[in-house]
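Protein chains in written order, with the numbering used here: chain B, 1 to 313; chain G, 1 to 313. Beta carbons: idealized from backbone N, C-alpha and C, even for Gly.
Number of protein chains: 2
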Amino acid sequence: MSEKVALVGSGLIGQAWAIVFARAGREVRLYDSKPGAVETAIERIGARLRDLERMELIDSAESVLRRVAKVRSLEAALEAASYVQESVPEDSALKHQVFAALDRLAPATTILASSSSGIPGSRFLDLPGRHRCLVAHPANPPYLLPLVELVPTPWTAEETVKRAWDVMVAVGQVPIRLKAEIEGFVMNRLQIAVINEAMSLVARGIADPEDIDKMMANSLGLRWSFMGPFETMDLNAPKGFLDYATRYANTFREVGADLKVTERWTEAAIKTVEAARRRVLPAERVLERHGWRDRRLMALARHKAQAAKDIGP
Amino acid sequence: MSEKVALVGSGLIGQAWAIVFARAGREVRLYDSKPGAVETAIERIGARLRDLERMELIDSAESVLRRVAKVRSLEAALEAASYVQESVPEDSALKHQVFAALDRLAPATTILASSSSGIPGSRFLDLPGRHRCLVAHPANPPYLLPLVELVPTPWTAEETVKRAWDVMVAVGQVPIRLKAEIEGFVMNRLQIAVINEAMSLVARGIADPEDIDKMMANSLGLRWSFMGPFETMDLNAPKGFLDYATRYANTFREVGADLKVTERWTEAAIKTVEAARRRVLPAERVLERHGWRDRRLMALARHKAQAAKDIGP
Numbered sequence: 001m002s003e004k005v006a007l008v009g010s011g012l013i014g015q016a017w018a019i020v021f022a023r024a025g026r027e028v029r030l031y032d033s034k035p036g037a038v039e040t041a042i043e044r045i046g047a048r049l050r051d052l053e054r055m056e057l058i059d060s061a062e063s064v065l066r067r068v069a070k071v072r073s074l075e076a077a078l079e080a081a082s083y084v085q086e087s088v089p090e091d092s093a094l095k096h097q098v099f100a101a102l103d104r105l106a107p108a109t110t111i112l113a114s115s116s117s118g119i120p121g122s123r124f125l126d127l128p129g130r131h132r133c134l135v136a137h138p139a140n141p142p143y144l145l146p147l148v149e150l151v152p153t154p155w156t157a158e159e160t161v162k163r164a165w166d167v168m169v170a171v172g173q174v175p176i177r178l179k180a181e182i183e184g185f186v187m188n189r190l191q192i193a194v195i196n197e198a199m200s201l202v203a204r205g206i207a208d209p210e211d212i213d214k215m216m217a218n219s220l221g222l223r224w225s226f227m228g229p230f231e232t233m234d235l236n237a238p239k240g241f242l243d244y245a246t247r248y249a250n251t252f253r254e255v256g257a258d259l260k261v262t263e264r265w266t267e268a269a270i271k272t273v274e275a276a277r278r279r280v281l282p283a284e285r286v287l288e289r290h291g292w293r294d295r296r297l298m299a300l301a302r303h304k305a306q307a308a309k310d311i312g313p
Numbered sequence: 001m002s003e004k005v006a007l008v009g010s011g012l013i014g015q016a017w018a019i020v021f022a023r024a025g026r027e028v029r030l031y032d033s034k035p036g037a038v039e040t041a042i043e044r045i046g047a048r049l050r051d052l053e054r055m056e057l058i059d060s061a062e063s064v065l066r067r068v069a070k071v072r073s074l075e076a077a078l079e080a081a082s083y084v085q086e087s088v089p090e091d092s093a094l095k096h097q098v099f100a101a102l103d104r105l106a107p108a109t110t111i112l113a114s115s116s117s118g119i120p121g122s123r124f125l126d127l128p129g130r131h132r133c134l135v136a137h138p139a140n141p142p143y144l145l146p147l148v149e150l151v152p153t154p155w156t157a158e159e160t161v162k163r164a165w166d167v168m169v170a171v172g173q174v175p176i177r178l179k180a181e182i183e184g185f186v187m188n189r190l191q192i193a194v195i196n197e198a199m200s201l202v203a204r205g206i207a208d209p210e211d212i213d214k215m216m217a218n219s220l221g222l223r224w225s226f227m228g229p230f231e232t233m234d235l236n237a238p239k240g241f242l243d244y245a246t247r248y249a250n251t252f253r254e255v256g257a258d259l260k261v262t263e264r265w266t267e268a269a270i271k272t273v274e275a276a277r278r279r280v281l282p283a284e285r286v287l288e289r290h291g292w293r294d295r296r297l298m299a300l301a302r303h304k305a306q307a308a309k310d311i312g313p
C-alpha cells in the first residue's frame, strides 16, 4: 500500500504539491476549508497533468489524477497520513490556527510541514507537537522547479528533518537544509536582492524594465539555470574561487556598497514597470501566459535531464 | 567586401569577441601589445570554434577561423576598421592610454567600444574623439551569452550608440541600452546583489555554499534563463505586475531591509566557499571544467532557440 499524504489548502501551491506527490505514486488527500475549492483545484490539477503528459514528462495524466482524492474534513485528510503539507495563505495567525488543528488531529508520528514562503516557522509552530513541525518551502510550481527549502525551527527534532528530507528526495524534489531560521529563507532573499536592485535601477532611470528582463534571460539566467553563483565564480578564475575572490574582492566591495536593495519601491517605478509589461501583455492575458511559461519550464526540465546525461551534471 | 572589425586585447574576452564577429562573417583583426599573445589566442579560438562545430552551432570552424587575422601593430588593426572593441584588463588608467592611441590612429568615423565590465566609460574616455566612444560590455562568453550592455558616456553621440546597436544586432548579440552611467552597470549590479547576499548567508552560517548553488539551479535560475525578474513577477499574480506589487510590497520591504549585500566578505566565508568548491572540483581541474560549462551553455542555446520556435518567445 502506498504512502498517504495530506495536503491542506488547495490554492496554486496545494494543487502543485498534489501533482508532485501523485506523480511519485503517493495517495494524496486534498482538503480545503473553503466549500467548492477542492473541486476547482482538482479540475486545474487535471489540466496541468494533461500538459505534463503532452510534454512527455509523465506517462498518463489520468492515472496520476486518480491518486488525488478530495476529502471533506481535516480528520479524513489526516487519517493514516505519514506526511502533511500545509499551503494556506501566507499569514502567521492563520497558519498557527491550522497547525494547532493538525497537531491535535494527526497521528503522533505524522510529519507536519508548512509551505511558508518566508515567515520562519517559529512564529506559528510553537505547539505541543512542535518537534514534528517544520517549514518545507517549495519553488513555484514545485513539479517543474524541484527545489525545496527545509527550515527547522529551534524545536524541530533532527528525526523530523531527516524524514522530511527523505520524503522530498523520494518524490523527486531537490531539498536543501537551512541551518538557522531567517526572514525570506535563501530563495526569496536572493530573489528579492535581484528584484529590489532592479526596481531601484528603474526608479533611478538607469534602465528600462524590459531591458533588465532581456539582460537576465540572455546572460546571468542562462548560467544560473544549471550552476549556482559559487560554481559560476569558481569557474571564472583560472585557479578557482579563492583566486576569483582575490581578483574581484574590491569590485564586490565597491559595487556592493552602492546597491540599493534596502530602498522602498517608489510608486513611479511601479507604474513604469506595470506600463512596460502591459505594452507586451494585456492584463487579461496574464493567466493564459502561464501556459506558455509552464510549457517552457517543462521543455527546459526535459533539456536539463538530457544535457546532464549527454554532457555531465 | 565584408566589414572589418579590430579587436584590441586578446585575452578570454578578446578571443570570445573574435568568435562573435567572425561567426557573423566579419573580417577580424586581432591585436595584443604582448608578444606571442595573439598566437596563443588564435589557437584557443580554434579550439572553441571546433567545440561550436561539434555542437552544431556553426557549420565550419575552419571557415570562421580563416576570418580571424593576427596583426602586429595597432595601425594595421585599425586600417579601414569600422568598429573597434577593446578588451584589455579592467584598469581605467590602462584603458585611457589604449583609447588615446585608438582615437589618434583610427579613421575618423570608426566606433571605439570598450568591454569595461563595470567602470563607467567617462572615467577613461575623455578624449578628442569622445563622441565616438562608448562601453559595449558583453556577458562572458559573448558567443554563448548574447547580452551586451551599451553604456554611453555623457559625451557619446546619439549616432554612435545607434551604430553600435546596429553592429551588435547584425552579429547576433542582444544589446540593451543604459540611460545613464552607473558603477557595475546592470548585469554586474544584479549579479553582485545575489553574490554578496549569498556570501553573507554563508558568513552567518544560514546555508552551505553548495546548497545555495543547488537552490539557484533548481528554482530561480530555471525561470530566469528565459524570462527576467519583471516578467516573472507579472506572471505571479492573476492580474499582473501591479497586482503582484500590491500583494507583496510589504514582504519586499521587510526582507529587503534585512539583506546584507553591502557587507564586506569575511575571510571565514571565503574559506568556507573555497573548501566547499574544492571538495567537488580540485583546483587543477577548474580549467578543464570550462569545457563542460561551455558545452552546457551551447546545448542550452540550442534548446532555447528550439523552444522559442516550438512554444513561443
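- Listed in chain order, the non-local C-beta contacts of G:Arg29 below 6 Å within the same chain comprise Ala6, Ala69, Val71 and Ala77, local neighbours out to five positions each way being set aside.
- With fewer than 16 neighbouring CB atoms inside 10 Å of its own CB, G:Leu287 falls in the exposed class.
- Interface with chain B (8 Å Cβ-Cβ cutoff): G:Ser122 is excluded.
- For B:Val261, there is no enclosing beta strand (DSSP E), as DSSP marks it with neither H nor E.
- Rounded to whole angstroms, the Cβ separation of B:Gly228 and G:Ala217 is 5 Å, and the two are in contact under 8 Å.
- B:Arg29 is bridged by DSSP to B:Ala6 and B:Ala69.
- The distance from the Cβ of B:Gly121 to that of B:Glu183 is about 12 Å, inconsistent with a contact at the 8 Å cut-off.
- In the same chain as G:Tyr143, and ignoring 5 residues on each side of it, the C-beta atoms closer than 8 Å to its own belong to Ala16, Ile19, Val20, Arg23, Arg48 and Leu52, in chain order.
- In terms of beta-carbon proximity, G:Arg296 lines the interface with chain B, with at least one pair separated by less than 8 Å.
- In this structure, G:Gly11 lies near G:Ser87, with their beta-carbon atoms less than 8 Å apart.
- For B:Ala76, the enclosing alpha helix (DSSP H) begins and ends at Leu74 to Leu78.
- Assigned with DSSP and collapsed to three states, B:Arg204 falls in coil, not helix or strand.
- Residue burial is scored here from C-beta neighbours: G:Ser115 has at least 16 other C-beta atoms within 10 angstroms and is therefore classed as buried.
- Listed by position along chain B, the residues whose Cβ is nearer than 9 Å to that of G:Leu94 form an empty set, because the closest Cβ is around 15 Å away.
- Under DSSP, B:Glu149 takes part in a beta bridge, and its partners are B:His137 and B:Ile176.
- Only residues of its own chain outside the window of five on either side were considered, and among them Pro209 and Glu210 have a CB closer than 6 Å to the CB of G:Ala276, listed in chain order.
- The continuous alpha helix (DSSP H) containing G:Val20 extends over residues Leu12 to Arg23.
- Chain G has a Cβ within less than 8 Å of the Cβ of B:Gly240.
- G:Ile111 has G:Tyr83 as its beta-bridge partners, per DSSP.
- Residue nearest to G:Ala207 within the set B:Arg26, B:Thr262 and B:Leu190 is B:Leu190 (criterion: CA-CA distance).
- In this structure, G:Tyr244 lies near G:Asp234, with their beta-carbon atoms less than 8 Å apart.
- Under the Cβ distance rule, G:Leu134 does not count among the residues neighbouring chain B, no pair being separated by less than 8 Å.
- Taking 8 Å as the CB threshold, B:Thr251 lines the interface with chain G.
- Taken in chain order, the members of the stretch 91-120 of chain G whose beta-carbon sits within less than 8 Å of a beta-carbon on chain B are Gly118.
- 8 Å or more divides the Cβ of B:Met199 from the Cβ of G:Ile176.
- Residues of chain G whose Cβ lies closer than 8 Å to the Cβ of B:Lys214 are, in chain order, Leu147, Val174, Ile176 and Gly228.
- Close CB contacts of B:Val174 within its chain, under the 6 Å cut and outside five residues either way in sequence, are with Pro146 and Leu147 (chain order).
- Note that the stretch 151-158 of chain B touches the stretch 122-138 of chain B; at least 3 beta-carbon pairs, one per stretch, sit closer than 8 Å.
- Spatial neighbours of B:Arg66 in its own chain (CB-CB distance under 6 Å, excluding positions within 5 residues in sequence) are not present.
- Residue contact check for G:His137 against chain B: no CB pair falls below 8 Å.
- Closer than 9 Å at the C-beta level to chain B, one finds these residues of the stretch 188-199 of chain G: Asn188, Arg189, Leu190, Gln191, Ile192, Ala193, Val194, Ile195, Asn196, Glu197, Ala198 and Met199.
- Where B:Asp103 is concerned, the enclosing alpha helix (DSSP H) starts and stops at Ser92 to Leu105.
- Within the model, the alpha-carbon separation for B:His96 versus B:Ser73 is close to 18 Å.
- At a cut-off of 8 Å, the C-beta of B:Asp51 has no neighbouring C-beta in chain G.
- Residue state for B:Phe230 is assigned as helix, using DSSP reduced to three classes.
- Counting of Cβ neighbours within 10 angstroms places G:Gln306 among the exposed residues, the total staying below 16.
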